[in-house]
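Residue 162 in this note's numbering sits at position 142 of the sequence shown, and the numbers go up by one each step.
Here a beta-carbon is modelled for each residue, glycine too, at the ideal position from N, C-alpha and C.
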Amino acid sequence: MQPLYTLNRLTFFLAFAFPITALSQAGASFACAQPETHQHRLQNDEHYRRAFEQQEALLYEQARRTIAPRGASSTYTLPVVFHIIHDNGDENITDAAVNAALQRLNKAFANTGPYNPATGVDVEVSFCLARRSPEAVATTGMLRVQSPLTEFNYNGPKGAQPLEPAGIHQHLDRAGNLQQQWL
21 MQPLYTLNRL TFFLAFAFPI TALSQAGASF ACAQPETHQH RLQNDEHYRR AFEQQEALLY
81 EQARRTIAPR GASSTYTLPV VFHIIHDNGD ENITDAAVNA ALQRLNKAFA NTGPYNPATG
141 VDVEVSFCLA RRSPEAVATT GMLRVQSPLT EFNYNGPKGA QPLEPAGIHQ HLDRAGNLQQ
201 QWL
């Protein structure tokens with residue numbers, strides 16, 4: 021039997037979780053298309069809705085079964101790097117906004133604060149800003165990339181087209197073992 025959470029699934033989830041939580045406080049004038057696209061597909065695509073509900077049920081059951089036998093708590097802490105893509109405007113979010121998003125994400129994964137313990141569990145994963153780059157150089161865990169391509173062309177659930185910011189490829193090779201988040 022394959023493990024429920026593979027590294028690829030966790031990475032895929034985190035790729036959506038960090039930008040959504042980080043940008044929710046940025047006061048930006050653009051919106052992420054993910055919630056609308058997800059709702060649209062839940063309402064109009066029966067196969068998608070059934071698959072989503074089955075996945076949620078499996079995740080809930082797996083989490084419920086693993087709480088009791090685990091015994092002593094062992095929280096895994098993952099270092100992350102935020103790549104903040106900006107054009108010297110409002111999209112250049114502050115360090116405080118990144119830290120606040122990271123705190124919200126940790127609360128979500130711990131199922132504390134505003135999250136309902138009756139419908140979720142502490143997954144014993146937390147995140148911190150990376151303190152060292154893959155080259156062992158001290159870092160704040162936040163890298164800023166100046167680019168004019170900071171907009172997201174949002175034309176509804178079927179018309180979302182992300183733009184690829186200039187300079188991304190030079191940073192991808194530096195990923196190492198760190199979780200990378202692009203904002």
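Ranked by Cα distance from Gln123, the first of His58, Ala138, Thr114, Cys148 is Cys148. When secondary structure is reduced to three states using DSSP, Tyr96 falls in the strand class.
Val101 sits in a strand when the DSSP states are folded into three classes. Residue pairing of Phe147 in beta bridges, as defined by DSSP: Leu98.
The count of Cβ pairs closer than 8 Å, one atom from the region 159-169 and one from the region 109-129, reaches three, so the stretches are in contact. DSSP links Val165 through a beta bridge to Ile105. The alpha-carbon separation between Ala71 and Ala83 amounts to approximately 18 Å.
The DSSP-derived three-state label of Ala158 is strand. With respect to Thr97, Glu144 sits apart: the two C-beta atoms are not nearer than 7 Å. For the 7 Å CB-CB criterion, Thr159 and Ser153 form a contact.
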